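Asker:
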Amino acid sequence: MTNTMLIGCHVSIAGGTDKAPERASLLGAEAMQIFTRSPRGGNAPVFTDDLLDSFHRGISEHKIGLTVVHTPYYINLASANNRIRYGSVKVIREELERASMLGAEYVMTHLGSAGEMEKDKAIEKTIEMFKKSLEGYAGSAELLIENSAGAGKIIGDNFLEISHILKGVDHPKLTGTCLDTQHSFASGYDWRDFENTLERIDQEIGLEKIKLIHANDSKTPFASKKDRHEHIGKGEIGLGAFEKIVSFAKEYDISMILETEHDTVKEDIELLKEIRNKN
């Protein structure tokens, strides 16, 4: 487990998972997030011994201090469709096992939507399904719940819900939340009012439950309920707020992963490093 606040980004696994560490390094990343399979469907590629050896060599050679895995987009633990719900259980478990093989510290997942279900019932169903995913799991990778932007009847758009799920599952490998700055801003957490927002999150879930931060500015206005990432300082959250967010992350030793467009994500990484290093 890392004990340093690192800054990195999401990188592609095109051509093989073992290509990711070099890509991360070329962007100036100290940490990286990856998918281990297509995020839109299909079977996961097999991890051969050669690929795993190559991946671990790349991590060491390119000095990637933290690896995290993002589950596919189609996860929905409260779906009325049994195939989708139990498929989500299976994929979360597979991603935990695969992340452990890679030596990744965290797997993060969204929860899905309540759909036709009442929200309270959907949350209880989510807890039930998480327990199935984690039953008998003994790998090294820990599972995080990522907060969502809040469109429709999405689950996990506030930290009270996430806290309730963490307590309901009560498993030592489901350890906390990945806080996405854009998603939280879109769902009503105003980072421009930093101190009050941080106090609210502390009351709802506890700051110690924030294990990772997705650092994304917002293309859309406060409380828009829309998931639209923008480069740091170019969006509605703004540079002043990110200076405070980085300072908080450094104080609490929470690494940051950017999910902005790759055309200028390198500049975003450099900007966050500059803020971190002058604090």
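Each residue of the sequence shown is one higher than the last, beginning at 34 in my numbering. Quick reminder that beta carbons are idealized off the backbone N, C-alpha and C, glycines included. In this text, all values refer to a predicted model and were calculated from it rather than measured experimentally.
CB Gly148 to CB Ala174, shorter than 8 Å?
Answerer: It is not a contact, given that the beta carbons lie outside the stated cut-off.
Asker: Going straight from the alpha carbon of Glu151 to that of Lys123, what length do you get?
Answerer: Those two C-alpha atoms are separated by around 24 Å.
Asker: Output yes or no for whether 8 Å exceeds the beta carbon distance between Pro136 and Thr81.
Answerer: First, the amino acid is wrong: residue 136 is Gly here, not Pro. The answer is no: Cβ separation not under 8 Å.
Asker: Are there 16 or more other CB atoms within 10 angstroms of the CB of Gly256, so buried, or fewer, so exposed?
Answerer: It is worth fixing the name first, because residue 256 is Ala in this sequence and not Gly. Exposed is the call here.
Asker: Helix, strand or coil for His197? Go by DSSP, reduced to three states.
Answerer: His197 falls in the helix class under three-state DSSP.
Asker: Return yes when the Cβ of His103 is within less than 8 Å of the Cβ of Gln66, no when it is not.
Answerer: Yes, they are a contact pair.
Asker: How do the segment 272-284 and the segment 237-248 stand: do at least 3 beta-carbon pairs fall below 8 Å, yes or no?
Answerer: In short, these stretches touch, since the Cβ pair count reaches three.
Asker: Got a sec? Which residues, its chain only, sit under 6 Å from Tyr222 by beta carbon, not counting five neighbours each side?
Answerer: Thr230, listed in sequence order.
Asker: Give the range of the alpha helix (DSSP H) segment to which Lys158 is assigned.
Answerer: That run of the alpha helix (DSSP H) goes Lys152 to Leu167.
Asker: What is the residue span of the alpha helix (DSSP H) that Lys244 lies within?
Answerer: Premise fails: Lys244 lies in the beta strand (DSSP E), Ile243 to Ala248, not in any alpha helix (DSSP H).
Asker: Report the residue ranges of all alpha helix (DSSP H) runs contained in full by the segment 105-149; include only those spanning at least 4 residues, in chain order.
Answerer: Entirely contained in the segment 105-149, the alpha helix (DSSP H) runs reaching 4 residues are, in chain order, 115-135.
Asker: Taking Ala57 and Ile97 to be in contact with their CB atoms under 8 Å, please state how far apart those CB atoms are, rounded to whole angstroms.
Answerer: Ala57 to Ile97, Cβ: 6 Å. Contact.
Asker: Among all the DSSP beta bridges, which residues are the ones paired with Gly41?
Answerer: DSSP output for Gly41 lists Ala64 and Ile290 as bridge partner(s).
Asker: So, are the CB atoms of Glu179 and Asp226 less than 8 Å apart?
Answerer: Taking 8 Å as the Cβ cut-off, Glu179 and Asp226 do not qualify as a contacting pair.
Asker: Give me the DSSP bridge partner(s) of Val279.
Answerer: For Val279, which the question treats as bridged, DSSP gives no partner whatsoever.
Asker: In whole angstroms, give me the CA-to-CA distance for Leu39 and Gly75.
Answerer: If I take the Cα positions, the gap works out to 32 Å.
Asker: Where Leu61 and Asn114 are concerned, what is the direct C-alpha to C-alpha distance, given to the nearest angstrom?
Answerer: Checking the sequence shown, residue 61 turns out to be Gly, not Leu. If I take the Cα positions, the gap works out to 42 Å.
Asker: Is DSSP giving Asp223 helix, strand or coil here?
Answerer: Coil at Asp223, not helix or strand.
Asker: Flag this pair as yes or no: are the beta carbons of Gly91 and Glu128 separated by less than 8 Å?
Answerer: Their beta carbons are not under 8 Å apart, which means Gly91 does not touch Glu128 by this criterion.
Asker: Would Leu305 and Lys242 be called neighbours here (beta carbons separated by less than 8 Å)?
Answerer: For Leu305 and Lys242, no; Cβs fall outside 8 Å.
Asker: Sorted by chain position, which residues of the same chain lie with C-beta nearer than 7 Å to Ile195's C-beta, five sequence neighbours on each side aside?
Answerer: Once the five neighbours on either side are set aside, the close Cβ partners of Ile195 are Ile178, Asn180, Gly189, Thr210 and Ile238.
Asker: Exposed or buried, Tyr106, counting other C-beta atoms within 10 Å across all chains shown (16 or more means buried)?
Answerer: When all chains shown are included, Tyr106 counts as exposed.
Asker: Would you kindly check if the distance between the Cβ of Ile160 and the Cβ of Gly185 is under 8 Å?
Answerer: It is not a contact, given that the beta carbons lie outside the stated cut-off.
Asker: Round the Cβ separation of Leu193 and Thr142 to the nearest angstrom and send it over; I've been treating them as touching at under 8 Å.
Answerer: Not really, about 18 Å apart at Cβ, beyond 8 Å.
Asker: Given a cut-off of 8 Å on the beta-carbon distance, is the pair Ala274 and Trp224 in contact?
Answerer: Closer than 8 Å, so yes.
Asker: Give the range of the alpha helix (DSSP H) segment to which Val298 is assigned.
Answerer: Here the alpha helix (DSSP H) through Val298 covers Val298 to Lys311.
Asker: Return the chain-ordered list of same chain residues with a C-beta closer than 7 Å to the C-beta of Asp51, the five sequence neighbours on each side being excluded.
Answerer: Closer than 7 Å at the Cβ level, and outside the excluded window around Asp51, lie Leu84, Ser87, Phe88 and Gly91.
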